Structures are given as structure tokens and as C-alpha cells.
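Engineer: If you scroll down you'll find the structure; I have some questions about it.
Number of protein chains: 2
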Amino acid sequence: MTTLTDVAKRANVSKMTVSRVINHPEQVRDELKQSVFAAMRELNYRPNVAAKALVNNRTQIIKLFILEDMDTTEPYYMNLLAGISKELGKEQYSLQLVTEHNFDIGGCDGYIVTGMRHTDFEWLQRLERPVVLFGENRLELDYCDTNNTLGTQMATEYAIKQGYDQIEFIGINVKEPFEYSREAGYLMSMQNHQLPTMIHRFSNHSHLAMEYIESHWATLKTNTCYVCASDRLAFGIEKGLTIFNARIPQDFGIIGFDGVFLNQVATPKLTTVQQPIFELGVQCARMLLTKIDKDGQSQGIEQLTPTLSIGGSTRNDQL
Amino acid sequence: MTTLTDVAKRANVSKMTVSRVINHPEQVRDELKQSVFAAMRELNYRPNVAAKALVNNRTQIIKLFILEDMDTTEPYYMNLLAGISKELGKEQYSLQLVTEHNFDIGGCDGYIVTGMRHTDFEWLQRLERPVVLFGENRLELDYCDTNNTLGTQMATEYAIKQGYDQIEFIGINVKEPFEYSREAGYLMSMQNHQLPTMIHRFSNHSHLAMEYIESHWATLKTNTCYVCASDRLAFGIEKGLTIFNARIPQDFGIIGFDGVFLNQVATPKLTTVQQPIFELGVQCARMLLTKIDKDGQSQGIEQLTPTLSIGGSTRNDQL
DNA sequence: TTGTACGCGTTATCAA
DNA sequence: TTGATAACGCGTACAA
Chain A
1 MTTLTDVAKR ANVSKMTVSR VINHPEQVRD ELKQSVFAAM RELNYRPNVA AKALVNNRTQ
61 IIKLFILEDM DTTEPYYMNL LAGISKELGK EQYSLQLVTE HNFDIGGCDG YIVTGMRHTD
121 FEWLQRLERP VVLFGENRLE LDYCDTNNTL GTQMATEYAI KQGYDQIEFI GINVKEPFEY
181 SREAGYLMSM QNHQLPTMIH RFSNHSHLAM EYIESHWATL KTNTCYVCAS DRLAFGIEKG
241 LTIFNARIPQ DFGIIGFDGV FLNQVATPKL TTVQQPIFEL GVQCARMLLT KIDKDGQSQG
301 IEQLTPTLSI GGSTRNDQL
Chain B
1 MTTLTDVAKR ANVSKMTVSR VINHPEQVRD ELKQSVFAAM RELNYRPNVA AKALVNNRTQ
61 IIKLFILEDM DTTEPYYMNL LAGISKELGK EQYSLQLVTE HNFDIGGCDG YIVTGMRHTD
121 FEWLQRLERP VVLFGENRLE LDYCDTNNTL GTQMATEYAI KQGYDQIEFI GINVKEPFEY
181 SREAGYLMSM QNHQLPTMIH RFSNHSHLAM EYIESHWATL KTNTCYVCAS DRLAFGIEKG
241 LTIFNARIPQ DFGIIGFDGV FLNQVATPKL TTVQQPIFEL GVQCARMLLT KIDKDGQSQG
301 IEQLTPTLSI GGSTRNDQL
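Structure below.
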């Protein structure tokens, strides 16, 4: 294993110069810098993370809190994790998962928290390291999320453009910001077009949406499009409609929200507001690293733009 | 932050004694041990992972290679990760994900590899740290996996017991050990009962299984049970049968394999061979940590027993 | 059984 | 702009 000292000898400088080349390159003459770089390359130098962590009083560890019951949101997370991990890796950080299974102790340099409900606010505030949330909040905490309002606006506008007569919103009955934002997007678009609104809410389980369709089939009007707050609900709506052999997308349209996995296995595939989950992971990590670097200074919020992924559950050209 | 030295002072011993209490407790008198423990508790001592890593020439990092395309297997992995992470946490290890997105460099103490195909064998062998695979292999590499053969035996026996006349296997057309083992379980059970066997194979996509049913509907015999090598295929079979309003489970039975997510969203819910994914994660990590501890010594294999999760896609009492 | 001295690889401080 | 030194917290080797 090559160390700083090895590189220093090879380049005929002190090890401090090598260290500076890495951490404060502006303090070193270009000439020296070049020969140090050369030495590092020749010796295939890799900094020792542990030594660095020790002297900086850091752990090089980020904890990821997953506060929601994992079974309900699973398909989602691997992409997030991949994004986070990619970004953390760049600065030699590694990851510890904290779930319901191991609410453990042990140091870290910062936290990424997903699935926060407002009841978590209190203990979150007591964390002694920088925190970045994945998911909207209205508590002045730094976060990254999809632009939820924009997402449902895109969905609603698309439904309108495709000529559906009624456009109804199938929401999740939680009192959380992401849901308010999604409903707001729907309401704004509808009001802009002076269309009447209708919102139904269920817990985020496909069978509840399916049962709603089953029990209300007689009263449903054709040429309705359901804009849903999640793919789970959209999936349930689609299954419900399929039971009655409803014509999708001709007589009923369905648009989901998430765009991870479930939209793909549905038949027909769901048109859905696709969240840029991987990029959100990258951004979360990026924001947290910056925050750590700046001694916990607030980093504000970051809202990424979703894309509307067109599937077979909506008409895709105007009548 | 309390250090070894702080604890030592409080307990009126040298810091080496404290260190020994942690790493070689058998070398310390009970009396001293007690007072050291007391001091650690009072001062809320937490070992400094970086310092430990530095002196031991370790990184306290485990890399998790996910070799398959993440989109195809997603729902699966979070449970695995949770299990791995829980076990690693106990010994202050943290995790780095290596996926198609970041095939990065950087040291670690060991590897967990999932989704290995036989073509990966060569470069895997060149890894310079202990490796444990998640998933069967026949290359003498240490691994943890579900007992795949037992799983399909359980499924097949159950189908027989429920009185289905034909029992056919829907396999994945990959030449990998886990698939051979699953097919073997089916074949063994069928032969034990002197029943005729039938195997179909598809890539692991639900729509392929669905299309199979669609195109062969006319020739299908009622009272057939499909034992599938994955929930994806089972899900496709079920969708295909549903198109024709086939009566499930009365006229057709379906049994999947995996038991993560997809079986839950299917209607009716799939009877499936449920893999103990979380526990497999724990075992993988456990095995790897032991292997690291024993200087890379081979740890053999570990096969955990799956459970048959009964859903609505099979009859659940004998005719 | 317990303690002392030293080194692990890095960075900050201060002096040159 | 560069270098010498000390320090981070812990574990090994050796001495007591």
C-alpha cells in the first residue's frame, strides 16, 4: 500500500506538500504539483480513508434513515440508494441503513432521512449532525424532492389535452406536504381550464382503489380520466376497471405517479409521472456533503422536474 | 467525545486494559472488567471506528456488487440490504453499493456479490478481499441462498395435494444454478409421485408468460397448476388466465417463487415460495465477517429454508 | 495480569 | 511556498 510518505519520497518533497496537493492545491507551485501528480500515478496512490477520518474527526459515514414501513414502498428505494451511493462514493463516504430493523447507534457525519412524517419532527431536530430530507416538508428543513405540483399539473394537462370529459383525482389520505402538493397541481390545472374538480382519497393500497371502482361501477361515467397520486392507486383503478372489461384508454384513462416498477407490470402499462429517483438520490447526497462541508449551513430545497411517461392507460392522440 | 484514555482514567487503569476489555476480555480480571464496563457506561464511550480501522489496516467497509440490471429485480433488494446492513452495523461496518452506475475504485474489507452469472467468474476471482455470494453457484465459491430445490418441492407437493391434475413448471430460460435447482425440485417431486412432467421456459418477464397463456388458451386443460420459477412469471400466467376469465383457483392454480412485493399486488394474491430475503442478507453479512475474521478461509454454503405463502391463486383445501 | 512505548496515515500549526 | 512536528484514537509488542 502506498502512503503519502511514499509519494513524497518519489517526488522529492515533504509529505505535507503531497497532502496540500490533495487538499489545498492552490498553495502549491504548479511545477511541484505536476511532479507530485506524476508520483501519485506511478505509485497508484490511494488515500487512506481511515487516517483521514481520524485526523479530521470524521467518520466518512452517512446514515440513511428509512422511516416508513419498508414493505409499502420498496420498489422505490433501490434507485434512490444507487444515486446516493454513487455520489457519496466520490468523496469516499459510505452508507449505513437505519430501518425499523436496526435503530442503532454509532457515529456518522450526516443523515439522509426518507419517509418523514410530521410526528418525526421533534427527534429529528435533536440529531447532532447535518440532515437532508428526501421528500417535501414545510418545516424549513433542507430537502430534495420531485416537483410534485408540477407533476400532477403535467398529468392533468395531458388528460385534458387527450379530451377526457371528467378528470378526477385519486389521492392518498395522508396529511403530508407531498400529497397537498400533488392535489394542488391537479386543482390548479383544472381551475385554469375552468373544469369541475373531484378528489377521492384512499390509503395507498391498490386494493382500496380497486374496490372503489368495483362498488361504484354503475355510477361511473365513460370518458373519465383518473389522475392518481401514486402508481399503486393507479394500478388498483386499472384492475378495477379491467374487471368490468372497461375499455382502456378509450373510455377511461389512468395516470399514475412514481414510475418505478409497478407502472411497468400493469396491463396496459400505466401512463405515469415519472420521478427522477436516481437523480434525487444524487442530489440528496450532494446537498448533504455540501452541508457537511459548510458546517451545517442550511442548503434550502431542491425540486427536480419529473417526466410524463406515456403508457397504454391513456389515449395518446387527440380525438 | 470520550476516548479509551478517558475511560482508563475513570476506571483507574491504563488504556491498554480498556482496549483489552473490548478485544480480549479473557485476559482481564473480572474485577477490573466490571469497573471498566462501568466507566464505559458512565462516560457513554463509543469506540472510534476510524482509529480502529487505521491501526488494523482495515477500512470497515463492505462493497455490495449488484451485477444485474437493477430495473429487473428491484423489489427484491431492499430487504436484502436491510438484512446486510443490520448485521454489518453490529461490527461497525458500513456499506458501499457498486452498480452499473458506479463501478468505482476504493478499498474495502470484503465483497458481497449478487446476481453473478458464470461469465463473471473470472474477474471475481481476482478480487483481493474475501467474497461471499448471494445466490447459488457451483464454482466452490461461498454463498448464501434459499434452498431452491426444497422451495419448488414444497410448491409441487402442495399442488399435488390440492388435487390439480396437471402440474407444469414455468421456468426462467437462463443457464444458472438457481434455475437448475428449482427445476430439479419440481422434477423430483413429480417423479416421486410418478406424474408426467412438463417444463416451459421464458425470460423472466411477466408479459412473456402472459402471452404464452394467450396464445395457447385453446389447448390448456382445466385443473392445471403452474409452478413458476418466479413471481414475475406467475404474475404473467395469472394475468393471461384472467383475460379469459378462467376460474382461479378452481380450474387453474398458480404458485410463484420469491414472495416479495409482486405476489402481494397480484389479484388474487399469489401462493408463492417465500424466500427469507432479510435473513439471507443477515447470513451473507455474517458469513463475510467471519471470513474476514478468519483471513479469507472458505466458509462453505448456507441454504435457508423458504416458506410456502398461501394466497388465493391455489385451492387451499383438498377437493 | 497489567502497563509503557510506539506506530498506523493523515492534516493543522507554526516556523523557515 | 515549503517543511518539521505534533496530534487524532487505538492496538501490538514487549516489559514488568
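Protein sequences, first through last, are from chains A and B.
Note that the UniProt record's numbering numbers the first sequence so that position 121 is 121, with each residue one more than the last.
Note that the UniProt record's numbering numbers the second sequence so that position 156 is 156, with each residue one more than the last.
Quick reminder that beta carbons are idealized off the backbone N, C-alpha and C, glycines included.
Just so we're clear, the structure is a prediction, and the values are computed from it rather than from any experiment.
Determine, using beta carbons only, whether B/C225 and B/Y164 come nearer to each other than 7 angstroms.
Structural biologist: Contact flag set, yes.
Engineer: Pop quiz: B/L262 and B/D293 are said to be a contact at Cβ under 8 angstroms. What is the actual Cβ separation, rounded to whole angstroms?
Structural biologist: Between B/D293 and B/L262 the Cβ distance is about 37 angstroms, and since that is not below 8 angstroms, they are no contact.
Engineer: Identify every run of the alpha helix (DSSP H) within the segment 68 to 150 of chain A, keeping only runs that are complete inside it and at least 4 residues long; order them along the chain.
Structural biologist: Segments of the alpha helix (DSSP H) lying fully in the segment 68 to 150 of chain A: 70 to 73, 77 to 90 and 121 to 125.
Engineer: What is the DSSP secondary structure of A/E168, reduced to helix, strand or coil?
Structural biologist: In the structure shown, A/E168 sits in a strand (DSSP, three-state: E or B).
Engineer: Establish whether the CB of A/M78 and some CB of chain B are separated by less than 7 angstroms.
Structural biologist: With 7 angstroms as the cut-off, A/M78 counts as an interface residue toward chain B.
Engineer: Mind reading off the beta-carbon distance from A/F134 to A/L97? Whole number of angstroms is fine, and I expect it under 8 angstroms.
Structural biologist: Actually they do not touch by this definition, with Cβ atoms about 13 angstroms apart.
Engineer: Give the residues of chain A in contact with B/N204, contact being defined as C-beta atoms less than 8 angstroms apart.
Structural biologist: Going along chain A, no residue has its Cβ under 8 angstroms from B/N204, so there is no contact; the nearest lies around 12 angstroms.
Engineer: I need the DSSP call for B/S309, collapsed to helix, strand or coil.
Structural biologist: B/S309: strand per DSSP, three-state reduction.
Engineer: Check whether chain B comes within 7 angstroms of A/A53, counting only Cβ atoms and requiring the distance to be less than that.
Structural biologist: Yes - at least one Cβ of chain B is within 7 angstroms of the one on A/A53.
Engineer: According to the Cβ coordinates, are A/I248 and A/S313 closer than 7 angstroms?
Structural biologist: Going by C-beta atoms, A/I248 is nearer than 7 angstroms to A/S313.
Engineer: So, helix, strand or coil for B/Q27, using DSSP?
Structural biologist: Three-state result, B/Q27: helix.
Engineer: Going by other Cβ atoms of all chains shown within 10 Å of its Cβ, with 16 needed for buried, is B/L54 buried or exposed?
Structural biologist: Buried is the call here.
Engineer: Using the beta-carbon of each residue, which ones in chain B are nearer than 7 angstroms to A/T267?
Structural biologist: By Cβ distance, chain B contributes K239.
Engineer: The beta strand (DSSP E) spanning B/L64 covers which residue range?
Structural biologist: Note, B/L64: beta strand (DSSP E), I61 to I66.
Engineer: Since A/R10 contacts A/E42 with CB under 8 angstroms, what's their CB separation in whole angstroms?
Structural biologist: About 7 angstroms separates the two Cβ atoms, so the contact holds.
Engineer: Cβ of A/L304 less than 7 angstroms from any chain B Cβ?
Structural biologist: No, its Cβ sits nowhere closer than 7 angstroms to a Cβ of chain B.
Engineer: Rounded to whole angstroms, how far is the Cβ of B/G110 from the Cβ of B/L288, which I believe are closer than 8 angstroms?
Structural biologist: With a Cβ gap of about 5 angstroms, B/G110 and B/L288 count as contacting.
Engineer: Below 8 angstroms on the Cβ atoms is my guess for A/L208 versus A/A234; work out the distance and round it to an integer in Å.
Structural biologist: Not quite, the Cβ-Cβ distance comes to about 12 angstroms (not below 8 angstroms), so this is no contact.
Engineer: Please report how far the alpha carbon of A/I172 lies from the alpha carbon of A/E91, in whole angstroms.
Structural biologist: Taking the straight line from one Cα to the other gives about 38 angstroms.
Engineer: Please state whether DSSP places B/V13 in a helix, a strand or coil.
Structural biologist: B/V13: coil per DSSP, three-state reduction.
Engineer: I'd like to know whether the C-beta atoms of residue 321 of chain A and A/G240 end up nearer to each other than 7 angstroms.
Structural biologist: Nothing in the structure corresponds to residue 321 of chain A, since chain A is present only between 1 and 319.
Engineer: Report the three-state DSSP secondary structure of A/D231 (helix, strand or coil).
Structural biologist: In the structure shown, A/D231 sits in a helix (DSSP, three-state: H, G or I).
Engineer: Short check: CB of A/T149 to CB of A/S181, under 7 angstroms?
Structural biologist: Yes. Within cutoff.
Engineer: On a CA-only basis, which of A/E140, A/G185, A/R138 and A/N147 is nearest A/S157? Give me that one, please.
Structural biologist: A small correction: the amino acid at residue 157 of chain A is Glu; Ser does not occupy that position in the sequence shown. If we check each option's Cα against that of A/E157, A/G185 comes out closest.
Engineer: For A/D251 and A/Q275, which I take to be in contact (beta-carbon distance under 8 angstroms), what is that distance rounded to the nearest angstrom?
Structural biologist: Actually they are not in contact, since the Cβ atoms of A/D251 and A/Q275 sit about 28 angstroms apart, beyond 8 angstroms.
Engineer: Check for me: the beta strand (DSSP E) holding B/Q303 runs from which residue to which?
Structural biologist: Segment I301 to L304, the beta strand (DSSP E) holding B/Q303.
Engineer: Where do the ends of the alpha helix (DSSP H) carrying B/G281 lie?
Structural biologist: I277 to D293 is the span of the alpha helix (DSSP H), which, as asked, contains B/G281.
Engineer: Are B/P306 and B/G151 close, meaning C-beta to C-beta below 7 angstroms?
Structural biologist: Contact: yes.
Engineer: Classify B/Q297: buried if its beta carbon has 16 or more other beta carbons within 10 angstroms, exposed otherwise.
Structural biologist: When all chains shown are included, B/Q297 counts as exposed.
Engineer: From this set, B/S35, B/E68, B/R201 and B/N316, which residue's C-alpha is nearest B/E179's C-alpha?
Structural biologist: If we check each option's Cα against that of B/E179, B/R201 comes out closest.
Engineer: Quick check: the segment 52 to 69 of chain A against the segment 115 to 132 of chain A, are there 3 or more CB pairs under 8 angstroms?
Structural biologist: Cβ pair count under 8 angstroms is three or more, so yes.
Engineer: Below 7 angstroms CB to CB, which residues in the same chain sit around B/F244 once its five sequence neighbours on both sides are set aside?
Structural biologist: Cβ within range, chain order: W217.
Engineer: Should A/S303 and A/D145 be called a contact, given that it needs their Cβ atoms to be closer than 7 angstroms?
Structural biologist: As written in the sequence, residue 303 of chain A is Gln, which differs from the Ser given in the question. Cβ distance < 7 angstroms, so A/Q303 and A/D145 count as in contact.
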